[in-house]
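Chemist: Numbering (the working numbering) for the sequence shown: 45 to 300.
Note that beta-carbon positions come from the ideal geometry of N, C-alpha and C, so glycine has one too.
Handing you a structure now.
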Amino acid sequence: MMTTTLAAWMTTLRHQLHAHPELALQEVATTALIKQTLTELNIRLVDYPGETGVVAEIGHGAPIIALRADIDALPIQEDNELSFRSTIPGRMHACGHDFHTAALLGGARLLKVHEADLNGTVRLIFQPAEEGHRGAKMMIDNGVLAGVRAIAGFHNMPNLPVGTLAMKSGPLMASNDNFDVTILGQGAHAAMSEASHDPIVTLGELISNLQTIRSRNIAPDAALVLTIAAVQAGTTFNVIPKYGEFTRHDSDLQHG
């Protein structure tokens, strides 16, 4: 067993993960690092058919209790001077999945020490593609919850004091549904706006009116956030564009 203190060991892992972020379903190096770390801890890996993601087990027999962490990063440019900042342009662990992964590996290290005392099996699930909904369903379809009596996962919450654990019944974190909207108008010179069908004006009206869904179509005690986070229209100051859009691409999924 490693002699490095658990906190220092986890911190090193977290920094390594943070410096090498990978997007959903591209977590090849992350998967390799997790497998390598678990193997060094003498924790048995479970065959998993996905190209990314890891399943491992500690202990034997029933009941089976699962612990889950997500491993993918976001398409965000990291702008700081941290020694362990992202080395991949346009990619960053901005949602804390590097922390989640390091925490579950730390939990695995602790559990392995006490494996002989376990009354059953702890299944460790390192889930790819949390951003965009796909990863959990893929892992379930591949049977990772077979025989599992209960599963626990967690998400960091920086606004809580260090050392505080928060729980509630029912949903806690938001799930996101994405949509693409393109307004096709008629372009023209900015000085001849009467010759155009200006998609920017339409976009502005649409974005403003969409916000009334929250205030006028949803019960005040219902949980809903509607955000338009990516808007594109035009390329220069004196030309009314032909179209405008608020959209996202599969490679640009943001956490809900």
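#1: Please give the ranges of any beta strand (DSSP E) in the stretch 133 to 178, keeping only runs that are unbroken, at least 3 residues long and fully inside the region.
#2: Which residue marks the beginning of the beta strand (DSSP E) containing Arg88, and which one marks its end?
#3: Kindly list the residues whose CB is nearer than 8 Å to the CB of Ala235, restricted to its own chain and excluding five residues on each side of it in sequence; keep chain order.
#4: Quick check on His59: does DSSP put it in helix, strand or coil?
#5: Does the count of Cβ pairs from the stretch 214 to 226 and the stretch 116 to 136 closer than 8 Å reach three?
#6: Buried or exposed for Gln171, going by 16 or more other Cβ atoms inside 10 Å?
#7: Quick check: the Cα distance between Cys139 and Asn86, rounded to an integer number of angstroms?
#8: In the DSSP assignment, the beta strand (DSSP E) including Ala210 goes from what residue to what residue?
#9: Using the Cα positions of Glu175 and Leu111, report the straight-line distance between them to the nearest angstrom.
#10: Got a sec? Which residues, its chain only, sit under 6 Å from Leu297 by beta carbon, not counting five neighbours each side?
#11: Gly105 and Gly164 - do their beta-carbons sit closer together than 8 Å?
#12: Looking only at C-alpha atoms, which of Val166, Thr145, Leu254, Thr75 sits nearest to Val192?
#13: So what's Thr280 in DSSP terms, helix, strand or just coil?
#14: Rank Ala196, Met182, Ala51, Ile109 by C-alpha distance to the C-alpha of Tyr92 and give the top, closest one.
#15: My understanding is that Leu50 touches Gly187, with C-beta atoms under 8 Å, so please give their C-beta distance in whole angstroms.
Modeler: Concretely, from the data shown:
#1: 165 to 171
#2: Translated into positions along the sequence shown, residue 88 becomes position 44. That run of the beta strand (DSSP E) goes 88 to 90.
#3: The residue labelled residue 235 in the question sits at position 191 within the sequence shown. Excluding residues within five positions, the ones whose Cβ falls inside 8 Å are Asn282.
#4: Position 15 of the sequence shown, counting from 1, holds the residue named residue 59. Helix, per DSSP.
#5: no
#6: In the sequence shown, counting from the first residue as 1, residue 171 sits at position 127. Burial call: buried.
#7: The residue given as residue 139 occupies position 95 in the sequence shown. The residue given as residue 86 occupies position 42 in the sequence shown. Looking at the two C-alpha atoms, the distance is approximately 29 Å.
#8: The sequence position of residue 210 within the sequence shown is 166, counting from 1. Run containing Ala210: none; DSSP gives neither H nor E here.
#9: Position 131 of the sequence shown, counting from 1, holds the residue named residue 175. Position 67 of the sequence shown, counting from 1, holds the residue named residue 111. Glu175 and Leu111: Cα-Cα distance of roughly 18 Å.
#10: In the sequence shown, residue 297 corresponds to position 253, counting from 1. Confidence at Leu297 is low in this model, with a pLDDT of 35, below 50, so the placement of that residue is unreliable and no value is reported for it.
#11: As a position in the sequence shown, residue 164 is number 120, starting the count at 1. As a position in the sequence shown, residue 105 is number 61, starting the count at 1. For Gly164 and Gly105, yes; Cβs fall inside 8 Å.
#12: Numbered from its first residue, the sequence shown carries residue 192 at position 148. Checked all of Val166, Thr145, Leu254, Thr75; the closest Cα to Val192 is Val166.
#13: Sequence index remark: in the sequence shown, residue 280 carries index 236 (1-based). Coil.
#14: Counted from its first residue, the sequence shown places residue 92 at position 48. Tyr92 has its Cα closest to that of Met182, out of Ala196, Met182, Ala51, Ile109.
#15: Taking the first residue of the sequence shown as 1, we reach residue 50 at position 6. Taking the first residue of the sequence shown as 1, we reach residue 187 at position 143. Actually they are not in contact, since the Cβ atoms of Leu50 and Gly187 sit about 31 Å apart, beyond 8 Å.
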